[in-house]
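There are 2 protein chains.
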Amino acid sequence: MAVRNRRERQTALQALLESNPFLTDEEIAGRFGVSVQTIRLDRMALGIPEVRERIRAVAQKRLEGPRSLDTGELIGELIELELDRMAISMFEIREEHVFSRTRIARGHHLFAQANSLAVAVIDAPVALTASAEVRFVRPAYLGERLVAKAVVKQKKRDHAQVDVWTRSGEDRVFEGRFLVVQPRGEREGVAGSGEDSH
Amino acid sequence: MAVRNRRERQTALQALLESNPFLTDEEIAGRFGVSVQTIRLDRMALGIPEVRERIRAVAQKRLEGPRSLDTGELIGELIELELDRMAISMFEIREEHVFSRTRIARGHHLFAQANSLAVAVIDAPVALTASAEVRFVRPAYLGERLVAKAVVKQKKRDHAQVDVWTRSGEDRVFEGRFLVVQPRGEREGVAGSGEDSH
DNA sequence: CTCTCTTTTAGTATCTGGTACTAAAAGCGG
DNA sequence: CCGCTTTTAGTACCAGATACTAAAAGAGAG
């Protein structure tokens, strides 16, 4: 970008930051062959915020957009947690979870809430589901808020049985029994041991 | 969230930052009633980057475009379909499907591939999973391409049993038995039944 | 050429939200 | 009580800024 005067530079700056909001003042100054101070003045004049604000704004929009929370470690929102004992999470059924025809949630979303909770409740650095038996007691519909409760029934050194019940209000919606294992040689993760809790 | 010890706090921290990556250490410390230093140590232990990096990552993803196919009717890509007989789909394990720590896929994604295939193979306008028994035979890792095959074992007027096996190359990875039901009064929808095949 | 006005550059102090490191204090388990 | 883990405190430093002051460089008018 050969830029000859302030007007041209400011126009170019605006376009540049629109297509690439991640540039710092220093990087921009380099591209335009001017000092950092000049770029700052230009941003002031144009009312363009600093790079962190710009990035933040982009991120904000994404979270507001297609709400794919379904990617994280835990499906739903953690409400309560007592490691190796029980845990509760809440999951709200939205458009993207249901069959459009019936507005009934696809089973694997209920499974996902229960499964991720069963794994999270186990007090171990790494825990994996080995098997599960599940029943979809009644359909769950768009808009319902499902509360899942996981209870650790047995815990041995390398595996545990976790039962999960999911309700919507008073109704029982889902129930499952999960066998969760801790792979051999992965019993401790970070620092020291941690046979903690109660 | 009442949190009593380190493990619980770290589990809760992970869940919290997934649903809200914008929190600073100071804000988090406030929520958990511990010092900022403690939160820093927790983040280090869990390999969670600082707030700016987290925000940056979220923004990055947005610019890359939301490609989550995980929202549609079928998880994975349909390869083969003979209604009421069998179906095959392929699912590639990506970043968003694995535990970052171990790069092992979370169980509910394998379940989702199998479940959505089991439902899709049934020749009915509406089909729902009623129950399932599943086994995660061996962990599936980032980058693997999982091929699931669903076979309809029995079909009665209002329900069917569907078995699903998932392989990665030669390895058996997952197997499940699904009971799929067609709600009463919803037996015929579009045109005729479908003895079509390939 | 000089005076004036605009534009650019330089430099300092301060802020946020950290990293990296050291060290002390608090808890707890035997 | 000792020894180990866990938590807290504190320091130095960093990036990428804001806010402000001031000097230098250009450009045009007379």
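Protein chains in written order, with numbering that gives the first Met the number 0: chain A, 0 to 197; chain B, 0 to 197.
All C-beta atoms, glycine included, are put in the ideal place defined by N, C-alpha and C.
I want to verify the contact list: residues of chain B whose CB lies under 8 Å from the CB of residue i, in sequence order.
i, result
"Gly-71(A)", "Ala-14, Glu-17 and Ser-18"
"Ser-130(A)", "Glu-132, Val-133, Arg-134 and Phe-135"
"Gly-106(A)", "Asn-114, Val-118, Leu-127, Thr-128 and Ala-131"
When DSSP labels each residue in this structure, what does residue i get in the three-state scheme?
i, result
"Arg-51(A)", "helix"
"Gly-29(B)", "helix"
"Thr-10(B)", "helix"
"Ser-88(B)", "strand"
"Ser-67(B)", "Unreliable placement is indicated for Ser-67(B), whose pLDDT of 46 sits below 50; the coordinate value is still reported in the next sentence. DSSP places Ser-67(B) in coil when its eight states are reduced to three."
"Ile-78(A)", "strand"
"Leu-62(A)", "helix"
"Thr-165(B)", "strand"
"Gln-36(B)", "helix"
"Glu-17(B)", "helix"
"Leu-178(A)", "strand"
"Leu-22(A)", "coil"
"Leu-145(B)", "strand"
"Arg-171(A)", "strand"
By Cβ distance, which residues of its chain are closer than 6 Å to residue i, with the 5 residues on each side in sequence left out?
i, result
"Leu-77(B)", "Ser-88"
"Arg-30(A)", "none"
"Lys-152(B)", "Gln-160 and Asp-162"
"Phe-135(A)", "Gly-106 and Phe-173"
"Leu-73(B)", "Ser-115 and Ala-119"
"Thr-37(A)", "none"
"Ala-104(A)", "Ile-92, His-96, Val-97 and Ala-139"
Can you tell me whether residue i is buried or exposed, with buried defined as 16 or more other CB within 10 angstroms of its CB?
i, result
"Thr-10(A)", "exposed"
"Asn-4(A)", "exposed"
"Thr-23(A)", "exposed"
"Pro-138(A)", "buried"
"Gly-75(B)", "buried"
"Leu-12(A)", "buried"
"Asn-114(A)", "buried"
"Arg-8(B)", "buried"
"Ser-167(A)", "buried"
"Arg-42(B)", "buried"
"Leu-16(B)", "buried"
"Gly-175(A)", "buried"
"Glu-143(B)", "buried"
"Leu-145(B)", "buried"
"Leu-109(B)", "buried"
"Lys-60(B)", "buried"
"Leu-68(B)", "The pLDDT assigned to Leu-68(B) is 47, lower than 50, so where the model puts this residue is not dependable, and the model offers no usable value."
"Arg-6(B)", "buried"
Quick one: list the residues of chain A neighbouring residue i, beta-carbon separation under 9 Å, in chain order.
i, result
"Val-125(B)", "Phe-98, Arg-100, Thr-101 and Ile-103"
"Ala-11(B)", "Leu-77 and Leu-80"
Could you tell me which chain B residues have their CB closer than 9 Å to the CB of residue i, listed as they occur along the chain?
i, result
"Pro-138(A)", "Leu-127 and Pro-182"
Using a Cβ-Cβ cutoff of less than 7 Å, which residues in the same chain neighbour residue i once the five nearest sequence positions on both sides are dropped?
i, result
"Ser-52(A)", "Reading off the sequence, residue 52(A) comes out as Glu, not Ser. Hits under 7 Å: none found."
"Arg-66(B)", "In this predicted model, Arg-66(B) has a pLDDT of only 49, less than 50, meaning its place in the structure is not dependable; the value taken from the coordinates is given anyway. Nothing meets the Cβ criterion."
"Val-35(B)", "Asp-24, Glu-25 and Ala-28"
"Pro-182(A)", "Val-125 and Leu-127"
"Arg-200(B)", "Here chain B has residues from 0 to 197 only, and residue 200(B) is not among them."
"Arg-39(B)", "Asp-24"
"Ser-18(A)", "none"
Would you mind telling me which residues of chain B sit closer than 7 Å to residue i, beta carbon to beta carbon, in chain order?
i, result
"Lys-60(A)", "Arg-61"
"Arg-51(A)", "Arg-51"
"Ala-149(A)", "Here the premise fails: no neighbours, minimum Cβ distance about 13 Å."
"Glu-76(A)", "Ser-18"
"Ile-54(A)", "Ile-54, Arg-55 and Ala-58"
CB-CB under 8 Å to residue i, same chain, minus the five flanking residues each way: which ones, in chain order?
i, result
"Val-179(A)", "Ala-117, Val-118, Ile-121, Ala-126, Leu-127, Thr-128, Ala-129, His-158, Ala-159, Gln-160 and Val-161"
"Met-85(A)", "Glu-79, Val-120, Lys-148, Ala-149, Val-150 and Val-151"
"Leu-45(B)", "Gln-9, Leu-12 and Gln-13"
"Pro-20(A)", "Val-50, Arg-53, Ile-54, Ala-56 and Val-57"
"Arg-102(A)", "Tyr-140 and Leu-141"
Starting from the beta carbon of residue i, find every residue of chain A whose beta carbon is closer than 8 Å, and list them in chain order.
i, result
"Thr-37(B)", "Near Thr-37(B) there are no residues of chain A at all, since even the closest Cβ is about 13 Å away, more than 8 Å."
"Phe-110(B)", "His-107, Phe-110, Ala-111, Asn-114 and Ala-131"
So which residues of chain A does residue i contact, with C-beta pairs closer than 7 Å?
i, result
"Ala-202(B)", "There is no way to answer for residue 202(B), as the model of chain B reaches only from 0 to 197."
field: Completely contained beta strand (DSSP E) runs for the region 96–142 of chain B, where each covers 3 or more residues
entry: Listed in chain order, they are 127–135.
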